[in-house]
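Numbering (the numbering used here), first residue to last: 29 to 225. Take a look at the structure below.
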DNA sequence: GTCCTGATCCTCT
DNA sequence: GAGGATCAGGACG
């Protein structure tokens, strides 16, 4: 296995810890169309007892993946048009996840432009629905492991690393419940955030 | 079965 | 800054 691929143990820390550690790591998707990669610059933690978390009302067929082992992908359709990309955290049976909200494009940028129908670099991955579209992620990836397969998560060093950065913590975006909780984490000063952090 | 809501994005003003 | 697009899952009855 590629030593830069993050191991399953990476995901078994607390959800908030994983949300912070995900910043700077590289998401890579190798598809038939080509390879795409992006560095994670914005995440949000969704905890079990959090009303905004899908798993807060117990396990259902939709959110079953969240209750599975950590290090897997939970893809969910929102507003009938867009998908959100989540990383399952916490032990099996708990039901917590981290939403990836924004990426800094690293590779396969032309492919991202085709998929998005936009040319500006900042418009490719600066939002949950956008990055899913740019990376070519679909609901067929729901339940897939991030430790092997087409969709993998690599350490920051994979693309030369990221200069030392500060983490900015703020309130989450786009939800109506639990908004006051400081569970959104951004790479401070990044130009690829979904919103000013 | 029917109704309603939502972790969004884009276009237009 | 506001509104429309568009659909699956969950909560009812």
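Glycine included, every Cβ here is placed at the ideal spot set by N, Cα and C. The structure displayed is predicted, hence computed values, not measured ones.
Whether residue 206 touches residue 31 by CB criterion (8 Å): Result no, Cβ atoms of residue 206 and residue 31 do not sit closer than 8 Å.
Between the CA atoms of residue 70 and residue 216 - distance to the nearest angstrom: CA-CA distance, residue 216 to residue 70, rounds to 9 Å.
Own chain residues within Cβ distance below 6 Å of residue 155, not counting five before or after: Here the set comprises 222.
Distance CB(residue 234)-CB(residue 73) smaller than 8 Å: Residue numbering for the chain in the displayed model covers 29 to 225; residue 234 lies beyond these limits and cannot be assessed.
Spatial neighbours of residue 58 in its chain, beta-carbon cut-off 7 Å, leaving aside the 5 residues before and after: Contacts found: 178.
Candidates 212, 141, 101, of which the one nearest residue 199 by Cα: Sorting 212, 141, 101 by C-alpha distance to the C-alpha of residue 199 places 212 at the top.
Per DSSP, cross-strand counterpart(s) of residue 65: Among the bridge pairs identified by DSSP, residue 65 is matched with 56, 135.
The region 102-122 touching the region 135-147, judged by at least three CB pairs closer than 8 Å: Segments in contact, no.
8 Å Cβ cutoff met for residue 49 and residue 105: It is not a contact, given that the beta carbons lie outside the stated cut-off.
Inter-stretch contact at 8 Å, needing at least 3 Cβ pairs: the region 157-175 / the region 96-112: Under the three-pair Cβ rule at 8 Å, the region 157-175 counts as touching the region 96-112.
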